[in-house]
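So the protein sequences, as listed, match chains A and B.
All residue numbers for the first sequence refer to the working numbering, where the first residue is 1159 and numbers rise by one.
All residue numbers for the second sequence refer to the working numbering, where the first residue is 2 and numbers rise by one.
All remarks here apply to the structure that follows.
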Amino acid sequence: MTSRSQKWAPISPLQRWREKLVLKSLLICASVSVFTTLGIIYILLEESAFFFSHVSPLEFFFTTRWAPLFEPRSFGILPLVSGTLLISVGALFVALPLGLGIAIYTAEYAQGWWQKVLKPTLEILAGIPSVVYGYFALTQVTPLLQKIFPNVEVFNAASASIVIAIMVLPTIASICDDSLRAVPKAVRDGAYALGTRRSEVVAHIVVPSALSGILASFILAFSRAVGETMAVTLAAGATPQLTLNPFLGVQAMTAYIAQVSLGDVAHGSVEYQSIFAVGLVLFLMTLAMNLLSQFIVKRYARKYE
Amino acid sequence: MSQIDSALGANRVLTGQDMSMPQDENRVRASFAVNLRRRQLKERIFFVSIFSATLVALAILVYLVASIAYDGYPYLTWDFFTNFPSRFANKAGFKSAIYGSVWLGGLTLVFSVLLGVGAAVYLQELASKGRISSLIELSIATLAGVPSIIYGMLGLGIFVRFLSLGRSVLAGALTLSLLIMPVIIIAAREALKSVPDSIRMGAFALGATRWQTVRDHVLPAALPGIATGVILAMARAVGEAAPLILLGALTYVAFVPESIFDSFTAMPIQIFNWTSRPQPAFHQLAAAGIMVLLVFLLICNSAAIYLRSKWGAKKR
């Protein structure tokens, strides 16, 4: 027995050491993500702490005038939040029906090579950089809107909504498509056996079964619309105001951050630090929505055998 | 169902006795009537609406690309690639932006592959399930949903100020690397997951250590999948402008970066700058710049699709 086992080379100390070294260094790679998360939270909190030592949180969250760069200065974030929400909700109004419709078509109706080509082709829309959508909004969508409705301003929320809708369309379509496909064939076959037609199966059986995934895709798309920067900055303008009129210019939270970064505001001033406070609100909003969408998927996903 | 049954049954008994019943009965009968024509019509309307939704999306894609090509074509001259930006539209070029993006893209590739693939290998192949790995997974899921402009704030705070790298190519590339790291980790883990366990078992059976198994057998098998994910993530990083604006990337740069500490501009930033000017001539310049950017992204995406299809064919 002993003579046999001696033929096997034992793992040398050098090898053992190398294994440990590799494990440690890969652990460091992996923990970068933890440090990044902590870093984001730390920087947002630390920099906005300075801001909140000069501007009361009451004024920040509850007053309705945002004018940090002009006298008299005023830091009420509500117009920025309403601008972001106006654009994002508008985008969802366009993107939800289209995205779900596309997903139903690709998952239930399209067949063969057409189905195989369709999905990656539509995903090109998601791969186009957002600055390109900003350009498209400004040079194509706004002039078109102005032809239809004469009272549209050059910078308006509607054109931003439309291009963001195009941008998030593939996200919605692709996640909905996956969750529609996850509904097992037996469920459909049962409905067909009762004499229902395809649209009835889709509307009454498949879509309700896939509802958790569909909802999650909507929330994810909303969160992406809220965090979107370049298209919103180019298309919606830089006039913070509380309005529900999509034909007026509004300023979104991200657009404000971009505006201050591009301008010559002195670093360290209260005006400059305000971007971190706005960033903190933006971060918390998107974080809440992402957690909600994960929760919905986990809690309400139907399990099939 | 049982409600309707009992309603019908009740009707049969009560017919002629109650004056209000015939109306009810008609309604109940109607719900069972063969209304095939109406259902066929509904089916057709349903199909036409979802099909047109798909066509609308395709039409927008075609129109988007076509209108940009039409606007930008006149400015896509040799000068456009060799000139620096200028106040005069007909002299302005894209050179510093193209070089800046190449620098950024190359550095981002190095950092994000090291970090992303390393993290994916650790989580998928080496880590024992425990508090540390679930903490890492939680933060990856969180990071994947953070808006890109917030990464700009992180980069500003850590790389530009704390490590005092300034508005350099290095600071920009590090920020973009963190931005696409979650994407790469998720894609690389999927690729590693799809490597069959028999390969690992075979290597272990021959006495290979964990790292030898991963290095010599699992990683090569997962490489095409990892490469696909990395390329797609890179395409995203090259098109990203928001975090670079936060870092203070300059819009007027009349030189080419020569080291990682030089300041820079990038294609999306130059496009943003041209688009935000009022003169239509600069909009056309922006369109020409977008053409260059889109061609670059198209090459990336085709490479990814090629790798994916080749890999998919091999596995079967």
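Note that the Cβ used here is the ideal one computed from N, Cα and C, for glycine as well.
Within chain A, the C-beta atoms nearer than 8 angstroms to that of B:W212 come from R1176, E1177, V1180 and L1181, in chain order. For A:L1185, the nearest CB of chain B lies under 7 angstroms from its own CB, placing it at the interface with that chain. Pairing A:F1218 with B:T266, the inter-Cα distance amounts to about 34 angstroms. Counting C-beta atoms within 10 angstroms of its own C-beta, B:V161 has 16 or more neighbours from the protein chains shown and is therefore classed as buried. At a cut-off of 7 angstroms, the C-beta of A:V1418 has no neighbouring C-beta in chain B. Here B:A287 is not near A:Y1200, since their CB atoms are 7 angstroms or more apart. Non-local beta-carbon contacts of B:S113 in its own chain, meaning distances under 6 angstroms to residues more than five positions away in sequence, involve S178, I181, M182 and I185 in chain order. Interface residue (Cβ-Cβ distance to chain A less than 7 angstroms): B:F297 is not classified as such. Taken in chain order, the members of the region 1436–1452 of chain A whose beta-carbon sits within less than 8 angstroms of a beta-carbon on chain B are G1437, L1440, F1441, T1444, L1445, M1447, N1448 and Q1452. Listed along chain B is no residue with a C-beta nearer than 7 angstroms to that of A:R1339; the closest approach is about 15 angstroms. Under the 7 angstroms criterion on CB atoms, B:A289 is classed as non-interfacial with respect to chain A. According to the DSSP assignment, A:P1237 belongs to the alpha helix (DSSP H) that extends over L1236 to I1262.
For B:E44, the residues of chain A that pass the 9 angstroms Cβ criterion are R1355, R1356, S1357 and E1358, in the order they occur in the chain.
Against chain B, the beta carbon of A:Y1293 has neighbours under 8 angstroms at I69, I272, T276, H284, A287, A288 and I291, listed in chain order. L179, M182, P183 and I186: these are the residues of the region 168–190 of chain B whose beta carbon lies less than 8 angstroms from some beta carbon of chain A, given in chain order.
In its chain, beyond the 5 residues on either side, L1258, A1261, I1372 and S1375 have a beta carbon closer than 6 angstroms to the beta carbon of A:C1334.
Neighbours of A:S1381 in chain B, taken as residues whose beta carbon is under 9 angstroms from its own, are G146 and P148 in chain order. Residue burial annotation: B:I51 is buried, with at least 16 other C-beta atoms found within 10 angstroms of its C-beta. A distance below 7 angstroms between beta-carbons, with the five flanking residues on each side excluded, links A:I1415 to the following residues of its chain, in chain order: I1433, V1436 and G1437. At a cut-off of 7 angstroms between beta-carbon atoms, A:A1188 makes contact with chain B. Exposure of B:M202 is indicated by the presence of fewer than 16 other C-beta atoms within 10 angstroms of its C-beta.
Residue-level contact check: B:G158 touches chain A, since one or more beta carbons of chain A fall below 7 angstroms from its beta carbon. Closer than 7 angstroms at the C-beta level to chain B, one finds these residues of the region 1320–1336 of chain A: I1324 and L1327. Not one beta carbon of chain A lies nearer than 7 angstroms to the beta carbon of B:Y76. When the five nearest sequence neighbours on each side are left out, the beta carbons in the same chain lying within less than 7 angstroms of the beta carbon of A:Y1350 are those of V1359, in order along the chain.
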